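What follows is one structure encoded as structure tokens, with my remarks underneath.
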């Protein structure tokens with residue numbers, strides 16, 4: 378079973394994907410994480426994409442496809458992947474479909490988390506990531522405390538692209554480029570719409586119900 382998670386930046390895709398990884402032994406494929414890793418390691422691709430990402434623009438479909446091909450070549454991930462925030466446009470959707478067919482896999486369902494811009498801004502501006510353990514917290518919704526986080530607070534950091542202007546730009550880009558894909562997958566009878574403003578546990582309960590029904 379392969380799953381695609383949709384939703385604007387800050388909708389909680391990463392959190393829900395992590396829950397599914399924990400409970401269903403999926404492998405999370407986050408193009409955002411893949412790209413940030415390239416930037417962190419200062420690879421040729423990383424140097425090329427840093428500026429566009431900081432400005433809230435999308436990276437070329439060709440570069441994304443190159444990174445995904447590496448994942449598909451690993452048989453350990455076959456038919457147990459969660460795509461977090463990919464594809465972002467129809468061209469990427471077709472690229473993914475080609476990769477799926479090429480490696481004899483299938484997409485079982487599409488989950489779309491629907492969240493408004495005001496909520497997204499509050500979620501992202503409050504987001505803090507621990508550079509030591511990798512856990513993600515939010516000072517408004519899920520703050521780091523001694524009981525849930527053992528690392529020193531000094532390791533909590535914001536992403537470089539977490540600011541209001543970038544958030545608005547990314548949200549607008551999402552609406553323009555990504556929402557048309559939902560109609561594409563809806564026509565394939567794979568799309569499930571979820572209210573992303575609910576509590577995290579409530580959202581996950583709906584997601585589990587969908588997956589278990591399959």
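Numbering (this note's numbering), first residue to last: 378 to 591.
The C-beta atom is built at its ideal place from N, Cα and C for all residues, glycine as well.
Quick caveat: nothing in here was measured; it's all calculated off a predicted structure.
- In this structure, residue 586 lies away from residue 384, with their beta-carbon atoms at least 8 Å apart.
- Residue nearest to residue 466 within the set 480, 534 and 438 is 438 (criterion: CA-CA distance).
- Residue 543 is not a Cβ neighbour of residue 463, given a cutoff of 8 Å.
- Residue 570 is bridged by DSSP to 489.
- Secondary structure note for residue 382: it is in no alpha helix (DSSP H), and the uninterrupted beta strand (DSSP E) holding it is 380–383.
- Counting only residues of its own chain and dropping the five nearest sequence neighbours on each side, residue 380 has a CB closer than 8 Å to the CB of 397, 403, 458, 459, 460, 484, 485, 486, 487, 488 and 588.
- When secondary structure is reduced to three states using DSSP, residue 533 falls in the strand class.
- Residue 395 and residue 577 have their C-alpha atoms some 12 Å from each other.
- Distance from the Cα of residue 433 is smallest, within the candidate group 552, 502, 554 and 546, for 546.
- Unbroken alpha helix (DSSP H) stretches of 4 residues or longer found wholly inside the region 441–512: 467–479 and 494–502, given in chain order.
- Counting only residues of its own chain and dropping the five nearest sequence neighbours on each side, residue 456 has a CB closer than 8 Å to the CB of 378, 379, 482 and 483.
- Between residue 536 and residue 506, the CB-CB gap stays under 8 Å.
- Residue pairing by DSSP places residue 407 opposite 461 in a beta bridge.
- Residue 497 is positioned such that its CB atom lies closer than 8 Å to that of residue 387.
- Out of 494, 510 and 530, the CA that lies nearest to the CA of residue 549 is found in 494.
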